[in-house]
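Okay, so the sequence shown: first residue is 1 according to full-length UniProt numbering, each after it adds one. No residue lacks a Cβ here, since even glycine has one placed at the ideal position from N, Cα and C. Given the structure is predicted, the values throughout are model-derived calculations rather than measurements.
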Amino acid sequence: MAFSYMPGFGNDFETETLPGSLPQGRNSPQRPAYGLYAEQLSGSPFTAPRGTNERSWLYRIRPSVRHTGRFKPASYPLWKSAPNLGDHELALGQYRWNPVPMPKEPTDFIAGMRSITTAGDVLGQTGMAAHVYVANRSMVDDHFFNADGELLVVPQIGSLRLVTEMGVIELRPGEIAVLPRGLVFKVELVDETVRGYVCENYGAKLTLPDRGPIGANCLANPRDFKTPCAWFEEKETPCRLIVKWCGQFHVTELDHSPLDVVAWHGNYSPYKYDLATFSPVGAILFDHPDPSIFTVLTAPSGEEGTANIDFVIFPPRWLVAENTFRPPWYHRNIMSEFMGLIHGQYDAKEEGFVPGGISLHNLMLAHGPDASGFEKASRAELKPVKLDNTMAFMFETRFPQMLTRYAAEVETRQDNYIDCWADLKKRFNGTPEGDWS
Ligand SMILES: [Fe+2]
């Protein structure tokens with residue numbers, strides 16, 4: 001079955017599966033067509049300013065209050081929430097990991113969530129968590145919603161079907177999806193085994209960054225974001241709804257599927273985006289701009305220009321700058337950088353940072369190209385070069401990212417990451433030429 005989408009970012013969409021199921025000219029008729037219940041899902045306070053006010057009207061077989069019964073506690077011990085301090089004994093450092101191991105037991109998307117870092121405070125609705133998911137089983141009768149934040153899903157291996165109450169998103173590596181706070185969904189696997197990254201955003205929603213002098217085009221263009229058309233199922237068999245709420249998990253049992261929205265309209269909805277449609281802007285003579293030039297989505301923190309989260313990619317692109325050290329420069333950053341690699345090779349690291357891997361450069365910890373990358377870039381002939389077969393990304397936040405015990409102890413953490421800079425030599429010898437022997 002092919003699923004369809006509506007283009008645009010943050011549009012006021014409308015979609016119906018049955019003719020006339022979406023009320024026109026009003027939100028809450030006395031008796032909606034088909035005997036549906038009208039329900040509002042608020043993504044912002046009622047009184048938020050027009051530019052950030054988000055809500056959708058859902059017309060469904062049963063109201064959501066019938067999709068919850070009594071809750072019982074549930075346990076997902078590897079999915080952590082901030083603040084998660086003192087979880088391990090590992091000292092401060094720059095860290096890097098090989099890919100998180102795939103599960104041997106049957107594991108679905110929710111049980112397969114392994115938190116790597118947490119930042120800020122889930123109760124204060126600031127900060128984020130960075131997770132890796134690994135799964136080998138579809139969610140069939142289990143459904144989930146996260147009251148703690150929206151989920152940015154970045155597949156690395158295997159395609160997913162995000163079956164949400166507002167429609168179905170098919171997602172493959174190279175695409176990303178955002179599942180808003182509170183949205184009910186389940187994750188089906190298209191491939192046998194899947195792995196990817198998730199950024200859980202506790203704060204204000206991800207949105208498109210302002211482009212400033214770049215103007216009205218390039219970077220992520222709104223028309224390339226896709227929101228699913230309505231889809232529902234009428235399934236009258238036992239189901240479960242799992243909820244993440246203030247860092248804890250709860251489960252409730254139902255005798256039917258909660259994915260029963262026949263029509264909806266509004267601007268609070270899930271979406272996906274193909275990273276290949278990102279139009280990079282960069283250096284065309286010398287030096288290169290800050291990596292913020294590659295921001296796909298940004299979540300504001302309340303302080304201008306200081307993001308709760310920036311989602312940044314490092315896509316294929318041409319390198320043409322003259323008399324320039326072309327890889328990322330050495331730096332220390334007031335923001336904290338969680339990086340992943342979807343496929344290919346990242347230009348600042350010749351080896352050691354593999355697809356599915358992770359690096360973490362925290363608040364004010366120095367980093368930059370490894371010794372061999374520096375050598376090569378310092379001596380390279382500066383003709384135009386296409387950096388191809390690469391897609392790295394970064395979850396960058398204003399908050400320090402605290403490691404989880406899982407991340408500190410998992411066997412794929414590289415104990416020797418710091419050594420990648422050990423061979424950077426002193427080249428200063430008092431002469432303007434320096435020592436390049
Ligand atoms: Fe950095």
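Three-state secondary structure (DSSP) of residue 104 | For the purposes of this step, residue 104 is taken as the residue at position 104 of the sequence shown. Correct three-state label for residue 104: coil.
With distances taken from each beta carbon to the nearest heavy atom of ligand 1, which residues come in below 6 Å, in chain order?
-> 331, 333, 337, 361, 367
Please go through the stretch 395-430 and give each complete alpha helix (DSSP H) segment of 4 or more residues, from N-terminal end onward.
-> 405-409
Per DSSP, which one or two residues make a beta bridge with residue 436?
-> The residue given as residue 436 occupies position 436 in the sequence shown. Bridge partners of residue 436: none, in fact.
Nearest-angstrom Cα distance between residue 235 and residue 55?
-> Within the sequence shown, the letter at position 235 stands for residue 235. Within the sequence shown, the letter at position 55 stands for residue 55. Each residue's Cα considered, the two are about 26 Å apart.
With which residues is residue 85 paired in a DSSP beta bridge?
-> Your numbering for residue 85 matches position 85 in the sequence shown. According to DSSP, residue 85 bridges with nothing at all.
So what's residue 275 in DSSP terms, helix, strand or just coil?
-> Translated into the one-based positions of the sequence shown, residue 275 becomes position 275. Helix.
Is the stretch 336-347 touching the stretch 387-405, taking contact as three or more C-beta pairs under 8 Å?
-> yes
Do residue 95 and residue 326 come within 8 Å of each other at the CB atom, strictly closer than that value?
-> As a first step, residue 326 is located in the sequence shown; it is residue number 326 there, counting from the start. As a first step, residue 95 is located in the sequence shown; it is residue number 95 there, counting from the start. Not a contact, by the Cβ cut-off of 8 Å.
Following the continuous alpha helix (DSSP H) through residue 372, name the residue where it begins and the one where it ends.
-> Numbered from 1 along the sequence shown, position 372 holds the residue referred to as residue 372. Start and end: 371-379.
If you drop the 5 nearest sequence neighbours on each side, which residues of the same chain put their C-beta closer than 8 Å to that of residue 305?
-> In the sequence shown, counting from the first residue as 1, residue 305 sits at position 305. Nothing listed; no residue qualifies.
Starting from residue 387, follow its DSSP beta bridges and name the residues at the other end.
-> Taking the first residue of the sequence shown as position 1, residue 387 is located at position 387. According to DSSP, which records beta bridges pairwise, residue 387 is partnered with 317.
With a threshold of 16 other CB atoms inside 10 Å of the CB of residue 357, please say whether the residue is buried or exposed.
-> Within the sequence shown, residue 357 is the residue found at index 357, counting from 1. Residue 357 should be labelled buried.
Nearest-angstrom Cβ-Cβ length linking residue 159 and residue 118, presumed shorter than 8 Å | Position 159 of the sequence shown, counted from the first residue, corresponds to residue 159. Position 118 of the sequence shown, counted from the first residue, corresponds to residue 118. With a Cβ gap of about 28 Å, residue 159 and residue 118 do not count as contacting.
Burial state of residue 364 (16 or more Cβ within 10 Å) = The count along the sequence shown starts at 1 and reaches residue 364 at position 364. The residue in question, residue 364, is exposed, as its Cβ has fewer than 16 Cβ neighbours within 10 Å.
Go ahead and pull the three-state DSSP assignment for residue 330.
-> Here residue 330 is taken as the residue at index 330 of the sequence shown, counted from 1. In this structure, residue 330 counts as coil in the three-state DSSP scheme.
Looking at residue 290 and residue 371, is the spacing between their C-beta atoms short of 8 Å?
-> As a working note, residue 371 is residue 371 in the sequence shown. As a working note, residue 290 is residue 290 in the sequence shown. Going by C-beta atoms, residue 371 is not nearer than 8 Å to residue 290.
Euclidean distance between Cα positions of residue 174 and residue 84 = Here residue 174 corresponds to residue number 174 of the sequence shown, with the count starting at 1. Here residue 84 corresponds to residue number 84 of the sequence shown, with the count starting at 1. Residue 174 and residue 84: Cα-Cα distance of roughly 31 Å.
Secondary structure of residue 294, DSSP reduced to three states = Position 294 of the sequence shown, counted from the start, is the residue given in the question as residue 294. It is helical.
Of the residues 341, 369, 373, 396, the one placed nearest residue 362, counting alpha carbons only = On the sequence shown, position 362 is the one that residue 362 refers to. Ranking 341, 369, 373, 396 by Cα distance to residue 362 puts 396 first.
Take every Cβ of the stretch 105-118, pair it with every Cβ of the stretch 131-140, and state whether three or more of those distances are shorter than 8 Å.
-> yes
DSSP three-state assignment for residue 99, whether helix, strand or coil = Start at 1 with the first residue of the sequence shown, and residue 99 comes out as number 99. Coil, per DSSP.
Where DSSP assigns a beta bridge to residue 310, which residues make up the other side?
-> One-based indexing of the sequence shown puts residue 310 at position 310. DSSP lists 298, 396 as partners of residue 310.
Whether residue 219 touches residue 239 by CB criterion (8 Å) | Position 219 of the sequence shown, counted from the start, is the residue given in the question as residue 219. Position 239 of the sequence shown, counted from the start, is the residue given in the question as residue 239. For residue 219 and residue 239, no; Cβs fall outside 8 Å.
Closest by C-alpha distance to residue 264, when choosing among 153, 60, 282, 155 = The sequence position of residue 264 within the sequence shown is 264, counting from 1. Of the listed residues, the one whose Cα sits closest to residue 264 is 60.
CA-to-CA distance, residue 344 to residue 322, given in whole angstroms = Indexing the sequence shown from 1 puts residue 322 at position 322. Indexing the sequence shown from 1 puts residue 344 at position 344. Looking at the two C-alpha atoms, the distance is approximately 25 Å.
Selection from 405, 437, 229 that minimises the alpha carbon distance to residue 86 | On the sequence shown, position 86 is the one that residue 86 refers to. Nearest C-alpha to residue 86: 405.
Determine, using beta carbons only, whether residue 184 and residue 258 come nearer to each other than 8 Å.
-> To locate residue 184, count along the sequence shown from 1; it is residue 184. To locate residue 258, count along the sequence shown from 1; it is residue 258. Yes.
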